[in-house]
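S.K.: Before we start, here is the structure in question, set down as structure tokens.
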Amino acid sequence: MEKQMKAAAPPNPDYFRSTGQNETSITLQWNEVNDNISFILQYDDTEINITYSKHSGVNITAVTGPPNPDNFTSTGQNETSITLQWNEVNDNVSFILQYDDTEINITAPDGDGGVTHTVSSLTAGTKYTFTLFSVFEDVRSSGVNITAVTAPPNPDYFRSTGQNETSITLQWNEVNDNVSFILQYDDTEINITAPDGDGGVTHTVSSLTAGTKYTFTLFSVFEDVRSSGVSITAVTAPPNKHSFRSTGQNETSITLQWDEVNDNVSFILQYDDTEINITAPDGDGGVTHTVSSLTAATKYTFTLFSVFEDVRSSGVSITAVTAPPNPDNFRSTGQNETSITLQWNEVNDNISFILQYDDTEINITYSKLSGVNITAVTAPPNTDYFTSTGQNETSITLQWYEVKDNITFILQHNDTVINITAPDGDGGVTHTVSSLTTGTKYTFTLFSVFEDVRSSGVNITAVTAPPNPDNFRSTGQNETSITLQWNEVNDNVSFILQYDDTEINITAPDGDGGVTHTVSSLTAATKYTFTLFSVFEDVRSSGVNITAVTAPPNPDDFKSTGQNETSITLQWDEVNDNVSFILQYDDAEINITAPDGDGGVTHTVSSLTAATKYTFTLFSVFEDVRSSGVSITAVTAPPNKHSFRSTGQNETSITLQWNEVNDNVSFILQYDDTEINITAPDGDGGVTHTVSSLTAATKYTFTLFSVFEDIRSRGVSITAVTAPPNPDNFTSTGQNETSITLQWNKVNDNVSFILQYDDTEINITAPDGDGGVTHTVSSLTAATKYTFTLFSVFEDVRSSGVNITAVTAPPNPDYFRSTGQNETSITLQWNEVNDNISFILQYDDTEINITAPDGDGGVTHTVSSLTAATKYTFTLFSVFEDVRSSGVSITAVTAPPNTRSFRSTGQNETSITLQWNEVNDNVSFILQYDDTEKNITAPDGDGGVTHTVSSLTAATKYTFTLFSVFEDVRSSGVNITAVTAPPNPDNFRSTGQDETSITLQWNEVNDNVNFILQYDDTEINITAPDGDGGVTHTVSSLTAATKYTFTLFSVFEDVRSSGVSISAVTSKIINFL
7 MEKQMKAAAP
17 PNPDYFRSTG
27 QNETSITLQW
37 NEVNDNISFI
47 LQYDDTEINI
57 TYSKHSGVNI
67 TAVTGPPNPD
77 NFTSTGQNET
87 SITLQWNEVN
97 DNVSFILQYD
107 DTEINITAPD
117 GDGGVTHTVS
127 SLTAGTKYTF
137 TLFSVFEDVR
147 SSGVNITAVT
157 APPNPDYFRS
167 TGQNETSITL
177 QWNEVNDNVS
187 FILQYDDTEI
197 NITAPDGDGG
207 VTHTVSSLTA
217 GTKYTFTLFS
227 VFEDVRSSGV
237 SITAVTAPPN
247 KHSFRSTGQN
257 ETSITLQWDE
267 VNDNVSFILQ
277 YDDTEINITA
287 PDGDGGVTHT
297 VSSLTAATKY
307 TFTLFSVFED
317 VRSSGVSITA
327 VTAPPNPDNF
337 RSTGQNETSI
347 TLQWNEVNDN
357 ISFILQYDDT
367 EINITYSKLS
377 GVNITAVTAP
387 PNTDYFTSTG
397 QNETSITLQW
407 YEVKDNITFI
417 LQHNDTVINI
427 TAPDGDGGVT
437 HTVSSLTTGT
447 KYTFTLFSVF
457 EDVRSSGVNI
467 TAVTAPPNPD
477 NFRSTGQNET
487 SITLQWNEVN
497 DNVSFILQYD
507 DTEINITAPD
517 GDGGVTHTVS
527 SLTAATKYTF
537 TLFSVFEDVR
547 SSGVNITAVT
557 APPNPDDFKS
567 TGQNETSITL
577 QWDEVNDNVS
587 FILQYDDAEI
597 NITAPDGDGG
607 VTHTVSSLTA
617 ATKYTFTLFS
627 VFEDVRSSGV
637 SITAVTAPPN
647 KHSFRSTGQN
657 ETSITLQWNE
667 VNDNVSFILQ
677 YDDTEINITA
687 PDGDGGVTHT
697 VSSLTAATKY
707 TFTLFSVFED
717 IRSRGVSITA
727 VTAPPNPDNF
737 TSTGQNETSI
747 TLQWNKVNDN
757 VSFILQYDDT
767 EINITAPDGD
777 GGVTHTVSSL
787 TAATKYTFTL
797 FSVFEDVRSS
807 GVNITAVTAP
817 PNPDYFRSTG
827 QNETSITLQW
837 NEVNDNISFI
847 LQYDDTEINI
857 TAPDGDGGVT
867 HTVSSLTAAT
877 KYTFTLFSVF
887 EDVRSSGVSI
897 TAVTAPPNTR
907 SFRSTGQNET
917 SITLQWNEVN
927 DNVSFILQYD
937 DTEKNITAPD
947 GDGGVTHTVS
957 SLTAATKYTF
967 TLFSVFEDVR
977 SSGVNITAVT
987 APPNPDNFRS
997 TGQDETSITL
1007 QWNEVNDNVN
1017 FILQYDDTEI
1027 NITAPDGDGG
1037 VTHTVSSLTA
1047 ATKYTFTLFS
1057 VFEDVRSSGV
1067 SISAVTSKII
1077 NFL
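Residue numbers (our numbering): 7 to 1079.
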């Protein structure tokens, strides 16, 4: 038999491992076993045969790479951080973020959604390449790359370095060669490339508006990412002002003018080394500025800058010169018939001259002259008939004959020389010398002049008219004269006063001062025109006029015709239709026009002070001139006295009071047909006067007049009444707890009453008919003493009043009750009313007085010696000041007696029968035991009462209390104890026997229950055993083979149960042979 060979299993290959993976593949590698060994690769439910061989197998686990995360992006950055965001792969895939030489592990986030990670502590303005790998079981995905940059830093030292009207030049430090800039202003952005080389960046923003403030924000930009930005404000230069010009000058100043720019642009004016700040003017229009303290005949260059926000415009310049000085010592130094030689001092080498005469101007450059030639002529003759032909205050007119056409004249007076040309034609020459002094004598010398040669001259004297006197005025008048006054001219000037057809010569007064002259013998109330001339050397001034009037006559029959408190009526005779009046009093003046027609004038002066003496002065007035005036005195009526009132009265008098007017005003009091004079009181204060001997309850009308200087006021009236008499027989006729009834006699039909008590007043009308008045005062407090005052009232005036005291009944005591009783007494209790309230207790025919107790609390009183089981009615009265309350009643009963012969007469396991004697037909019973009470009605008829208490517990001792009950009141009660019979023991049986004994067994009842075992005539007492369980008892000394009946009683408190019986037999005697 050929032996069969079994091949051994090949070994596992060594070094089985994963050497790589991507998202969809894993590369595995292991060592070859030998050329004959193939392999099976098993994963999930797949097997791959790699040339067949049987092999026990080796296991490895390997994972595919997780997918790269989607949507890997940069979502934000600042100078030191970049925020990256990508989609989550799943809850098991974490991430590695790689940049530079740094790797950051990022755990897989909870929940769905994107992943956000901020990479911090980066360098500003730097490009970073971030590679993000998904990681699953320590295997990374292929990774995904992005580039992101940090924000560049803001450029340093961003500033404005210059500006003109349309551009601003900005400058800042370069960041680096890779950082460009964005400049932002208004709605404009300018891209500025990164400059080459190190240093600052300068950029000029053009096409701007002049005189405007701009906010520039500069951002550094790296890879299209901006820095946070830095801002400055800068302004363009304001425009130069058009129309800058010189508008005038003098020797020391030049006036410049230019157009305003706007309200925000001021100016700087620059010349030499001086700058002048000129604020922006208010409103529209031009600006004018005068530069002073300059040097004459000097050319200045002025530069004007507009200024906005401390920035100047480029400036505009003009030149202007100050005026040269006039040449000094300009004079004529010679002449001939056809020429005049002029001479003046040189100003300086730069100053030429213009000589202007008639309509001719000659330009003269400066030269030094060697001299001048003149010609000489013979003197001409003096003129004939040189005379003064007229004058006024400042000029004299002179006249003379002409010599011939070539002869001019020089007229000399004082230090003045006047050249007068030869007139055309024949005839006389007239010349008026002006600007002379008034009232002055002048000597005039007249020379004929030919070729600047004078004649010997001829003299005359003439005077100027004196001035009109100043301040010519009327200073006073009476009915027949007017006094005039004016200022003196000087000691040499007299005066002529002219009026109507009269002239009065008035000599010049001695000394300084005014001139006063009174014109008399004139007609009253007449207007005159006066003309006053000053006179000097018989020459009058032009004259000055005034009009003045004589005073009118005083009016006749000036008198006072009436008055009241605030006015006085005056009357007088009219003077004539042209004469008005002024009425003067105190510091007042009243103008009163002349009335139409003849007759008297009446005028009422109002708004005067009452009770005052006035002096009136009446002036007639003509043309604003007053007469001497006539005066009278008159008084206003005194005022009616305020606060005239009645301040009190009794049955026969009324007291009146009023305010004093003043020390000078007395009074008249008038009533009925009586007048009483009352003098003005001394001192300040009111006046009090009592009118006596009047009739009670009568209305009087009093009129009070103030009297001043025998003038009465119009009077003020009041009515007042005398007090009525007090009512008679005012008494209290009854009361209860809240009211008192009062009664009194009526006075008469017109007299009502006021009843006053505490703070209360009650108005009670006068009753109709005769008889008494009864009034019940209600809503009072119980047990209170009141004082009532009763006033008779007539016309709201009270009598003196009459008083009585009366009390309200006290309240019934609260909570009156019976609180206890026994067979012979009842205890009553009630609440105390107060310390002043005592009590009366009334029952049957008995009254008991009970004093008010001390202290707070209830009152307790026991009524004794009563009959048992009897109902009593008690009435309790509160008593205050011998007045009883209405009383409160209760019924109460004495306790019934306890029943006799209460006993237990029998029981079983669940009931006890009780028995006792009846009390009477009205007395029932309550039987109480444990927590139970049983009501037992009174039985009919006489005899005992039997009651069985059932539903009790076996073998239990009960205490029964029996109460007699009358009207729900119990007796004191009587007690007995009684027990229920115990239960028969359970499971009573015979458990064994022999010839002379039987063993019995039963269940224990409880520890308190004994047993009696009865058979034949024998009773055996068996005590309750200790502990739980059954009871075993062996009855011995029995007869063999005998049947016995055993009765077993449970025994509790000497009471037996009903008993349970069994029969058992003793064994037979067996003899063994």
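Every residue gets a Cβ at the ideal spot worked out from N, C-alpha and C, and that includes glycine.
List in chain order: all unbroken beta strand (DSSP E) runs of 3+ residues lying wholly within the region 126-208.
M.R.: Runs of the beta strand (DSSP E) inside the region 126-208: 133-142, 150-155, 165-169, 174-179, 186-191, 194-198.
S.K.: Could you tell me the alpha carbon to alpha carbon distance between residue 17 and residue 39, rounded to whole angstroms?
M.R.: Approximately 7 Å, taken between the alpha carbons.
S.K.: Of all the options 93, 707, 146, which has the alpha carbon lying nearest to the alpha carbon of residue 122?
M.R.: Checking every option, the nearest Cα to that of residue 122 belongs to 93.
S.K.: Of the residues 903, 815, 80, 259, which one's Cα is nearest the Cα of residue 120?
M.R.: Closest by alpha carbon: 80.
S.K.: Determine the DSSP secondary structure at residue 1044, reduced to helix, strand or coil.
M.R.: Looking at residue 1044 - three-state DSSP - the assignment turns out to be coil, as it is neither helix nor strand.
S.K.: For residue 217 and residue 273, I'd like the C-alpha separation in whole angstroms.
M.R.: Using only the alpha carbons, I get a separation of about 12 Å.
S.K.: Cutting at 7 Å between CB atoms, please list the residues of its own chain near residue 870, excluding the five before and the five after it.
M.R.: Counting only Cβ-Cβ distances below 7 Å, and skipping sequence neighbours, we find 830, 831.
S.K.: Whole-angstrom Cβ separation of residue 419 and residue 448, contact assumed at under 8 Å?
M.R.: So it is a contact: roughly 5 Å between Cβ atoms.
S.K.: Apply the 10 Å Cβ neighbour rule to residue 343 and answer buried if 16 or more other Cβ atoms are within range, or exposed otherwise.
M.R.: Summary for residue 343: the model assigns pLDDT 39, below 50, so the residue's position carries little reliability; its value from the coordinates is reported in the next sentence. With fewer than 16 Cβ atoms within 10 Å of its Cβ, residue 343 is classed as exposed.
S.K.: What does the Cβ neighbour count give for residue 788, buried or exposed, with the cut at 16 atoms within 10 Å?
M.R.: Counting Cβ neighbours within 10 Å, residue 788 comes out buried, since at least 16 surround it.
S.K.: Nearest CA to the CA of residue 173: which residue from 205, 210, 199?
M.R.: When only C-alpha atoms are compared, the closest one is 210.
S.K.: What residue from 1012, 534, 554 has the CA that sits closest to residue 1035's CA?
M.R.: Of 1012, 534, 554, the residue nearest in Cα terms is 1012.
S.K.: Here's the rule I'm using: 16 or more other beta-carbon atoms within 10 Å means buried, otherwise exposed. How should residue 569 be labelled?
M.R.: Answer is buried; the Cβ neighbour count reaches 16.
S.K.: Measuring CB atoms only, is the region 1049-1056 touching the region 973-983, in the sense that at least three cross pairs come out at less than 8 Å?
M.R.: Result no; under three Cβ-Cβ pairs closer than 8 Å.
S.K.: In angstroms with no decimal places, state the Cα-to-Cα distance between residue 452 and residue 422.
M.R.: The alpha-carbon atoms of residue 452 and residue 422 are separated by roughly 12 Å.
S.K.: So if DSSP puts residue 717 in a beta bridge, which residue, or which two residues, is it bridged to?
M.R.: Paired residues: 714.
S.K.: For residue 53 and residue 87, what's the separation of their Cα atoms in angstroms?
M.R.: Residue 53 and residue 87: Cα-Cα distance of roughly 52 Å.
S.K.: So what does DSSP say about residue 1068, is it helix, strand or coil?
M.R.: Three-state DSSP puts residue 1068 in a strand.
S.K.: How many Å lie between residue 785 and residue 863 at the Cα?
M.R.: One C-alpha to the other measures close to 27 Å.
S.K.: Leaving aside the five residues before and after residue 416 along the sequence, list all residues of the same chain whose C-beta is less than 8 Å from its C-beta, in chain order.
M.R.: The answer, listed in chain order, is 423, 424, 425, 426, 452, 453, 455, 460.
S.K.: DSSP state of residue 958, grouped into three classes?
M.R.: Coil, per DSSP.
S.K.: Within its chain, find whatever has a CB closer than 6 Å to the CB of residue 281; leave out the 5 residues flanking it on each side and keep chain order.
M.R.: 274, listed in sequence order.
S.K.: By the 10 Å Cβ neighbour count, where 16 or more other Cβ atoms means buried, how is residue 105 classified, buried or exposed?
M.R.: Residue 105 comes out buried.
S.K.: So residue 274 is in the beta strand (DSSP E); what residue range does that whole segment cover?
M.R.: 272-277 is the span of the beta strand (DSSP E), which, as asked, contains residue 274.
S.K.: Across which residues does DSSP place residue 281 in a beta bridge pair?
M.R.: Answer is 276.
S.K.: Just to confirm my understanding: we take residue 1087, look at its own chain, exclude 5 residues before and 5 after, and list those with CB closer than 8 Å. What are they?
M.R.: For the chain, the structure presents residues 7 to 1079; residue 1087 sits outside this window and is missing.
S.K.: Could you tell me the boundaries of the beta strand (DSSP E) in which residue 973 lies?
M.R.: No beta strand (DSSP E) contains residue 973, which DSSP labels as neither H nor E.
S.K.: Is it buried or exposed, residue 255, if we count other Cβ atoms within 10 angstroms and call 16 or more buried?
M.R.: Classification for residue 255: buried.
S.K.: Quick one: grab the DSSP three-state call for residue 101.
M.R.: If DSSP states are grouped into helix, strand and coil, residue 101 belongs with the strands.
S.K.: With distances taken between CB atoms, is the gap from residue 300 to residue 325 smaller than 7 Å?
M.R.: Their beta carbons are not under 7 Å apart, which means residue 300 does not touch residue 325 by this criterion.
S.K.: For a minimum of 4 consecutive residues, which ranges assigned as the alpha helix (DSSP H) are wholly contained in the region 867-946?
M.R.: Fully enclosed alpha helix (DSSP H) runs of 4 or longer: not present.
S.K.: Jot down the residue ranges of each uninterrupted beta strand (DSSP E) in the region 983-1014, minimum 3 residues, whole runs only, in chain order.
M.R.: Counting whole runs of 3 or more residues, the region 983-1014 contains the beta strand (DSSP E) stretches 995-999, 1004-1009.
S.K.: Cα separation between residue 716 and residue 642?
M.R.: The straight-line gap from Cα to Cα measures roughly 11 Å.
S.K.: Going by the beta-carbon positions, is the gap between residue 649 and residue 660 smaller than 7 Å?
M.R.: Not in contact: residue 649 and residue 660 (Cβ atoms no closer than 7 Å).
S.K.: Hey, residue 228 and residue 155 are a contact pair by Cβ (cut 8 Å); roughly how many whole angstroms apart?
M.R.: Rounded, the Cβ-Cβ distance is 6 Å, consistent with contact.
S.K.: Please go through the same chain and pick out, in chain order, the residues whose beta-carbon is closer than 8 Å to the beta-carbon of residue 20, but skip the five residues on each side of it.
M.R.: Excluding sequence neighbours, residue 20 sits near 36, 37.
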